Amino acid sequence: MPVTPVLPAAGENAPGAPAAARENRVPAVVAWLLVALSAVVSAALMPRAPVTGTQVIAVLVGATVVGGLTGWSVRSRWAVVAAPALHLAVWELARATVFRLDGPSFGPPRFDVALGVLLFVAVHVMYAVVAGLPMLLGVLAGRAWRRRPARAAVVWPAVAVLAVASLGDALVRPERVHPVPGGVATVTRVRLGGAEQWVSIRGDRADNPVLLHLAGGPGSSDVGWVRTFNQPLEKHFTVAVWEQRGAGKSYPAVDPTTDLTLDRLVSDGLELASWLARRFDEPKIYLTGNSWGSTLGVLMAQRRPDLFHAYVGTGQMVDQRETDRRLYRQLSAYAERIGDRELRGRLTALGEPPYRDVFGYALVMDHYDVIEPYDRTPAFEAARGPRGFFPDEYSLLDSWNELRGFADMGGLVYPQLQDIDFRRDVPRLDVPVYFMRGRHELTARGALADEWIAGLRAPIKRVYDFPDSGHNADAEEPGRYNDLLVTTVLAETYGRR
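When we follow the UniProt record's numbering, the leftmost residue of the sequence shown carries the number 1, and every step to the right adds one.
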């Protein structure tokens, strides 16, 4: 006999229905709160986004777990996109307000200059990949596990784990060091000025004289650059390439920003020079610098001439403020000449340097090639393009850090260089000096360098022209540069007292 179900009277709920609904809502509310809380915690601990391998792994695992719990607790399929979207939105808001630090990476995105686009990728896109993607996969895995069809309950969690593990491996995989049979080949960490910084050291023989190279920037790295273009020097020198604080592998040392002073950077360099001399049992070392590295190198040689056999400058900087003023006027004249109203308007709005932020300098940098164009070698063009940010010595995280470092260090350190004028401040250096001058160097730089060098007093002073080079003679004409360092600089100064 069929059983007739007993329905509740009008206005009554099915037994247990409100409680069940509340029970279903509570886990969902808790899950959404957990998504938001995880973003706040991440912004508090990592306002610059993850900058170390440990932080990357922590975010990958944490985002996957939070996503899995959300997928388990929230029935709506929209949770797949809503959870990572909420996390990213809260993280962006928290880091831009409560946990904001100094530096261009905390300002609004800028897409009108190349540096702004690169910075957006290195900070915002990077965090979306490291946190948003694992959270999305976690939600999918949690939903599959809750529904528990046998196949889905196994496949989606397995896919999430494998995908997150692969992403972590790509981001923090240890660097690849090209071996030097019988010699020295290492990328090592050194504590300088209380901050851990990295240095690449390569050479055929550990008893060769030591050469320390200073990269441009501030915030750039030349680790792959020097190995690519100046490897022949390894036969005659033990070549050390320093990742300055805030650059590449040393990007985590950008904080605290109160330590990012010009004096601190000079002191870091001198500490490293002393450490290298002790490690390789040398009384002195050689010092080379390009662009910003040439500013740093001159200040180091001026402060401690006893540490150096010689100083070699390429892309020599002398007076940053005057250089920037001349470049501004050149670009303004160019815009006027070709009738580019948009560029002329942007420059007028910008005003003469010093600019209020690093993006003003970036606008002018974007136009270097039209101010004074010349043909560069294909090898150099490839190295100074995107490939230059991905040397073998770097993990993907290191490459992201170099992009961030160039912007942040430019915004934090470059303003401190505005009062430097070597024509006034450095009338003499008590070390032999060698300048590698590119014939196609921007006039705004080269004319000031020529003026300073002409009046500079030093035990030895030599200037060499590089007819096919601009700002980077060491990489644009590496054969001539490498040969001069061995046959002239080394021959004239090694063992000199």
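Idealized CB from N, CA, C, for every residue including glycine.
This one's a predicted model, so the numbers in the text were calculated from it and none came from an experiment.
- Taking 8 Å as the cut-off, the Cβ atoms of R437 and V463 count as close.
- Non-local C-beta neighbours of Y355 in its own chain, meaning closer than 7 Å and more than five positions away in sequence, comprise Y361, ordered along the chain.
- Secondary structure in the segment 217-304: the alpha helix (DSSP H) runs of 4 residues or longer, each lying completely within the stretch, are 223-229, 262-279 and 292-303 in chain order.
- At the C-beta level, S73 and A31 come within 8 Å of one another.
- For V113, the CB contacts under 7 Å within the same chain, skipping 5 residues up- and downstream, are F359, A362, L363 and D366 in chain order.
- Out of L192, S200, G248 and W198, the CA that lies nearest to the CA of G219 is found in G248.
- Boundaries for M436: no alpha helix (DSSP H) harbours it, while the beta strand (DSSP E) harbouring it runs V433 to G438, taken from the DSSP string.
- Separation of the CB atoms of R25 and G71 is rounded to 16 Å, and the pair is thereby denied contact status at 8 Å.
- The criterion of a C-beta distance shorter than 8 Å is satisfied by D392 and H178.
- Selection A449, G289, P232 and L136 evaluated against T323 yields A449 as nearest (Cα-Cα).
- Beta-bridge partners of D465 (DSSP): R437.
- Given a length threshold of 3 residues, each whole run of the beta strand (DSSP E) inside the segment 395-452 is given here in chain order: 433-438.
- A direct Cα-Cα distance of roughly 10 Å separates W225 from V241.
- For the pair D340 and A407, the Cα-to-Cα distance works out to about 27 Å.
- For V210, the enclosing beta strand (DSSP E) starts and ends at V210 to L214.
- Among the bridge pairs identified by DSSP, Q197 is matched with V190.
- Of M46, L327 and Y368, the smallest CA-CA separation from E352 is found for L327.
- Beta bridge pairing from DSSP links G203 with V184.
- Between T314 and N472, the C-beta spacing is below 8 Å.
- Here V254 is near M409, since their CB atoms are less than 8 Å apart.
- Beta-bridge analysis with DSSP links Y311 to L287 and V433.
- Annotation for H87: the continuous alpha helix (DSSP H) segment containing it runs A79 to A96.
- Here the alpha carbons of L350 and L307 stand approximately 42 Å from one another.
- Bridge pairing for R457: R428 [DSSP].
- Comparing alpha-carbon positions, the option among L167, L140 and D169 lying closest to V155 turns out to be L140.
- DSSP places Q316 outside both helix and strand once states are collapsed to three, so it counts as coil.
- The C-beta distance from V51 to P252 rounds to 5 Å, short enough to meet the 8 Å contact threshold.
- Taking all protein chains shown into account, W198 has 16 or more neighbouring C-beta atoms within 10 Å of its C-beta and is therefore buried.
- Exposure of P427 is indicated by the presence of fewer than 16 other C-beta atoms within 10 angstroms of its C-beta.
- A straight line joining the alpha-carbon of G411 with that of Y127 spans about 21 Å.
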